[in-house]
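In the numbering used here, the protein residues as written are 26 to 504. Heads up, the thing below is written out as structure tokens.
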Amino acid sequence: MDWRAACCTACLRQAGGIDTSRDNSGFHPRWSLMRLSRYFLPVLKENPSEAQIVSHRLMLRAGMIKQQAAGIYSWLPLGYRVLRRIEEIVHQEQVRAGHIPMLMPTLQPADLWRESGRYDDYGQEMLRIKDRHERDMLFGPTNEEMITDVFRAHVGSYKDLPMTLYHIQWKFRDEMRPRFGVMRGREFLMKDGYNFDLTKDDAIHAYNRHMVSYLRTYERMGLTAIPMRADSGPIGGDDTHEFLVLASTGESEVFYDSAVTELKLGDRAVDYDDRADVLSVCQEFTTLYARTDETHDAALFDQIPEERRKVGRGIEVGQIFYFGTKYSEPMGATVVGPDGTKVPVHMGSHGIGVSRLLGAIIEASHDEKGIIWPEGVTPFKAGIVNLKQGDEAANAACEGLYKALATKGLECLYDDRDERAGAKFATMDLIGLPWRITVGPRGLANGVVELTSRRTGESEEMVTEAAVARLVEIYAAHP
RNA sequence: CGGGGCGUAGCGCAGUCUGGUAGCGCGACGGUUUUGGGUACCGUAGGUCGGGGGUUCGAAUCCUCUCGCCCCGACCA
26 MDWRAACCTA
36 CLRQAGGIDT
46 SRDNSGFHPR
56 WSLMRLSRYF
66 LPVLKENPSE
76 AQIVSHRLML
86 RAGMIKQQAA
96 GIYSWLPLGY
106 RVLRRIEEIV
116 HQEQVRAGHI
126 PMLMPTLQPA
136 DLWRESGRYD
146 DYGQEMLRIK
156 DRHERDMLFG
166 PTNEEMITDV
176 FRAHVGSYKD
186 LPMTLYHIQW
196 KFRDEMRPRF
206 GVMRGREFLM
216 KDGYNFDLTK
226 DDAIHAYNRH
236 MVSYLRTYER
246 MGLTAIPMRA
256 DSGPIGGDDT
266 HEFLVLASTG
276 ESEVFYDSAV
286 TELKLGDRAV
296 DYDDRADVLS
306 VCQEFTTLYA
316 RTDETHDAAL
326 FDQIPEERRK
336 VGRGIEVGQI
346 FYFGTKYSEP
356 MGATVVGPDG
366 TKVPVHMGSH
376 GIGVSRLLGA
386 IIEASHDEKG
396 IIWPEGVTPF
406 KAGIVNLKQG
416 DEAANAACEG
426 LYKALATKGL
436 ECLYDDRDER
446 AGAKFATMDL
456 IGLPWRITVG
466 PRGLANGVVE
476 LTSRRTGESE
486 EMVTEAAVAR
496 LVEIYAAHP
């Protein structure tokens, strides 16, 4: 399950401890052995003028991204770690729901899109490219055609269904006006999944299964994402919900019953194969009024008790569609049914904006000092701040802590720079690690270090073993 | 794509109106300071002023073309 991070954790466990030398393998990133003095974290004290909204500013200031062109970014080490972590959560929850990971290319032949009729429909957002043989190619903005092509080439029987394939891949949409940093880039990382089912009922179950897996995915990231009935837009379909994170900087106006923000999936067990179970969760989360401006119905909205009637803005972080045979029919994706006749499969597609989630999470979780990462997605589990670099006791205590946490599988960032305390604290606050362990001669004289919550600012002094135990306990809830 | 704005050192900016060969703060680097919330002082390095063409004895500055980026709008994960 933990197939993304496994190599790092495993090689760490195998090593059985700590290697304080720089890792030069270039493949297994020993992230848990990170000294800030050897890391690449180009933080900025001042706000870059190009960034307007808070998540964009903070991502630039925290040294997470560097813009390379309008809407196109390099992911610097810190940003890359969060991106990978979000990706990992998405993978885990998709696999848990029974969906199968794969990978399709970024470049696609135009002919596939001519089959579905979308080559002409898609418009300028599609980046069209010619190869050296003058063949028409495109940088994929989505993958319905390609997955349908994969499916029809290899699947021919109803016995192979149901099947849901997904991948996490870079997409490109040549937006007229990219903005808000990674929230609306032209190049973006997206999880997109496609279900193939024999009947509409089966496909609706796949739709519901995705809704539940998405709710769990967002909750693990510390987000409240509300499913809202939405227009289908250019992908086209009969049924669709968008998932929106409430934030004043959101691009969509949303109307909702405030009670929906109280709904939590929590750690309740949902059997993804149990249709009734899955359906009941979907009903629980979609019964209360929650719609974007596209589908807003003022009459229905007015029936909500006034004190619960809310209008706000939201950031779209995912969308699920059922679209039936829209692609399977024109592209000939059929299976032979139990009665021996060929029928086009029922499909749906389901997307999560992986790179965009970084921005959404920051919009939802920050303060004037910087980012506040939810434990589920933090790039490092804690920051260790050595207040007196060079002091033998402080150095030893920090390295001991570092080792103790690492052997528990908690990857931390050790600020071993020769800087003033204030500079170190400011950096930690900016990059938003949820926990900070402060180690200095003053506390060590009493045998204690200080554990501070980034979110509340509350500090508590305790012996190092207690700090390790506390963090182990906290992160047990965020695998 | 319509409207507006901006490109000068890694970042934030001044200098452009009124041409005379580039400056400030932060950061970086080297010292001193031994420091519990971006410390202070001393010193050093770093810029063909987005690019091309033109006017001029002389262009960051004036003219022109061009590229890039940002903001508002329409559009979108």
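Ideal placement from N, C-alpha and C gives every residue a C-beta, glycine not left out.
Let me know the secondary structure DSSP gives D335 once reduced to three states.
-> As a position in the first sequence, residue 335 is number 310, starting the count at 1. For the sequence presented, residue 335 should be read as Lys rather than Asp. Strand.
Where do the ends of the alpha helix (DSSP H) carrying D161 lie?
-> Here the question's residue 161 lines up with position 136 in the first sequence. Counting along the chain, D161 falls outside any alpha helix (DSSP H), though it belongs to the beta strand (DSSP E) covering 161-164.
7 Å Cβ cutoff met for A418 and N411 | Residue numbering aside, residue 418 sits at position 393 when the first sequence is read from its first letter. Residue numbering aside, residue 411 sits at position 386 when the first sequence is read from its first letter. Their beta carbons are not under 7 Å apart, which means A418 does not touch N411 by this criterion.
Could you tell me the distance, in whole angstroms, from the CA atom of L66 to the CA atom of A284?
-> Position 41 of the first sequence, counting from 1, holds the residue named residue 66. Position 259 of the first sequence, counting from 1, holds the residue named residue 284. L66 and A284 have their C-alpha atoms spaced approximately 41 Å apart.
Under 8 Å by Cβ, that's how I've got T224 and Y352 pegged, so tell me the actual separation to the nearest angstrom.
-> To locate residue 224, count along the first sequence from 1; it is residue 199. To locate residue 352, count along the first sequence from 1; it is residue 327. Contact flag wrong, Cβ pair sits at about 17 Å.
Given 8 Å, three or more beta-carbon pairs between the segment 216-223 and the segment 363-375 = Between the segment 216-223 and the segment 363-375 there are three or more C-beta pairs closer than 8 Å, enough to call the two in contact.
Alpha carbon of Q92 to alpha carbon of K155, nearest angstrom = Your numbering for residue 92 matches position 67 in the first sequence. Your numbering for residue 155 matches position 130 in the first sequence. Roughly 26 Å between the two C-alpha positions.
Which residues in the same chain as I125 place their Cβ atom closer than 8 Å to its Cβ, once the five residues preceding and following it in sequence are excluded?
-> Within the first sequence, the letter at position 100 stands for residue 125. Hits under 8 Å: M188, T189, L190, Y191.
Run the CB neighbour count on H53, radius 10 Å, all protein chains shown included, and call it buried at 16 or more, exposed below.
-> Numbered from its first residue, the first sequence carries residue 53 at position 28. Confidence is the limiting factor: at H53 the pLDDT is only 42, short of 50, which leaves the residue's position unreliable, though a coordinate-based value still follows. If you draw a 10 Å sphere on the C-beta of H53, you find fewer than 16 other C-beta atoms in it, and that means exposed.
Close beta carbons around A429, own chain, < 6 Å, minus the five adjacent residues each side = Residue 429 sits at position 404 when you count from the first residue of the first sequence. So the qualifying residues of the chain are V493.
Sequence-distant residues of the same chain with beta carbon closer than 6 Å to T477, five excluded per side = Within the first sequence, residue 477 is the residue found at index 452, counting from 1. Here the set comprises R461, S484.
Determine contact between the segment 268-285 and the segment 357-365, defined as no fewer than three beta-carbon pairs at a distance below 8 Å.
-> They do not touch, by the three-pair rule.
Under three-state DSSP, which class holds W398?
-> As a first step, residue 398 is located in the first sequence; it is residue number 373 there, counting from the start. If DSSP states are grouped into helix, strand and coil, W398 belongs with coil.
Please name the residue or residues paired with I251 in a DSSP beta bridge.
-> Counted from its first residue, the first sequence places residue 251 at position 226. BP columns for I251 point to L269.
Complete runs of the beta strand (DSSP E) confined to the segment 87-159 [at least 3 residues] = You should have 90-94, 97-100, 132-134, 152-155.
Starting from the N-terminal side, write out each stretch of the alpha helix (DSSP H) that is 4 residues or longer and does not extend beyond the segment 335-421.
-> 353-356, 379-389
Evaluate E331 with the Cβ neighbour count: other Cβ atoms within 10 Å of its Cβ, from every protein chain shown; 16 or more gives buried, anything less gives exposed.
-> The residue given as residue 331 occupies position 306 in the first sequence. Answer is exposed; the Cβ neighbour count stays below 16.
With C-beta atoms as the reference, is I397 less than 7 Å away from R479?
-> Taking the first residue of the first sequence as 1, we reach residue 397 at position 372. Taking the first residue of the first sequence as 1, we reach residue 479 at position 454. Yes; because the gap between Cβ atoms is below 7 Å, this pair is in contact.
Extent of the continuous alpha helix (DSSP H) run through Q308 | Here residue 308 refers to the residue found at position 283 of the first sequence. Where Q308 is concerned, the enclosing alpha helix (DSSP H) stretches over 300-311.
Does the distance from the C-beta atom of D440 to that of K433 stay below 7 Å?
-> Numbered from 1 along the first sequence, position 415 holds the residue referred to as residue 440. Numbered from 1 along the first sequence, position 408 holds the residue referred to as residue 433. No.
Answer with buried or exposed for L269, where buried requires no fewer than 16 other C-beta atoms within 10 angstroms of its C-beta.
-> One-based indexing of the first sequence puts residue 269 at position 244. Buried, since its Cβ has 16 or more Cβ neighbours within 10 Å.
Exposed unless 16 or more other CB atoms sit within 10 angstroms - verdict on L25 | No answer is possible for residue 25: the residues shown for the chain start at 26 and end at 504.
Quick one: complete alpha helix (DSSP H) runs, 4+ long, within the segment 224-249?
-> 225-245
Helix, strand or coil at S74 according to DSSP, with G and I counted as helix | Translated into the one-based positions of the first sequence, residue 74 becomes position 49. Here S74 sits in coil by DSSP.
Check whether the Cβ atoms of P203 and G123 sit closer than 7 Å, and answer yes or no.
-> Residue 203 sits at position 178 when you count from the first residue of the first sequence. Residue 123 sits at position 98 when you count from the first residue of the first sequence. No, Cβ-Cβ distance for P203 and G123 is not below 7 Å.
In angstroms, rounded to a whole number, what distance separates the CA positions of T489 and V68?
-> Here the question's residue 489 lines up with position 464 in the first sequence. Here the question's residue 68 lines up with position 43 in the first sequence. Each residue's Cα considered, the two are about 29 Å apart.
State the DSSP-derived secondary structure class of I499, mapped to helix, strand or coil.
-> Position 474 of the first sequence, counted from the first residue, corresponds to residue 499. The answer is helix: DSSP assigns I499 an H, G or I state.
Closest by CA to V107, which one among A385, L426, T463?
-> Here residue 107 corresponds to residue number 82 of the first sequence, with the count starting at 1. Considering only alpha carbons, the answer is A385.
With 16 as the cutoff for other CB atoms within 10 Å, does S238 come out buried or exposed?
-> Here residue 238 refers to the residue found at position 213 when the first sequence is read from its first residue. So S238 ends up on the buried side.
Does the separation of the CB atoms of L290 and L240 fall below 7 Å?
-> Taking the first sequence and counting its residues from 1, one reaches residue 290 at position 265. Taking the first sequence and counting its residues from 1, one reaches residue 240 at position 215. Yes, these two residues count as a Cβ contact at 7 Å.
Below 7 Å between beta carbons: does that hold for E388 and E341?
-> Stepping through the first sequence from its first residue, residue 388 is reached at position 363. Stepping through the first sequence from its first residue, residue 341 is reached at position 316. Not a contact, by the Cβ cut-off of 7 Å.
Presumed contact (8 Å Cβ cut-off) between P459 and T403, rounded CB distance = As a position in the first sequence, residue 459 is number 434, starting the count at 1. As a position in the first sequence, residue 403 is number 378, starting the count at 1. The Cβ separation is near 5 Å, so the contact holds.
Residue from R381, I377, A470 with nearest C-alpha to F205 | Along the first sequence, one-based indexing puts residue 205 at 180. Checking every option, the nearest Cα to that of F205 belongs to R381.
Quick one: give me the first and last residue of the beta strand (DSSP E) that F5 is part of.
-> What is shown of the chain runs 26 to 504, which leaves residue 5 out entirely.
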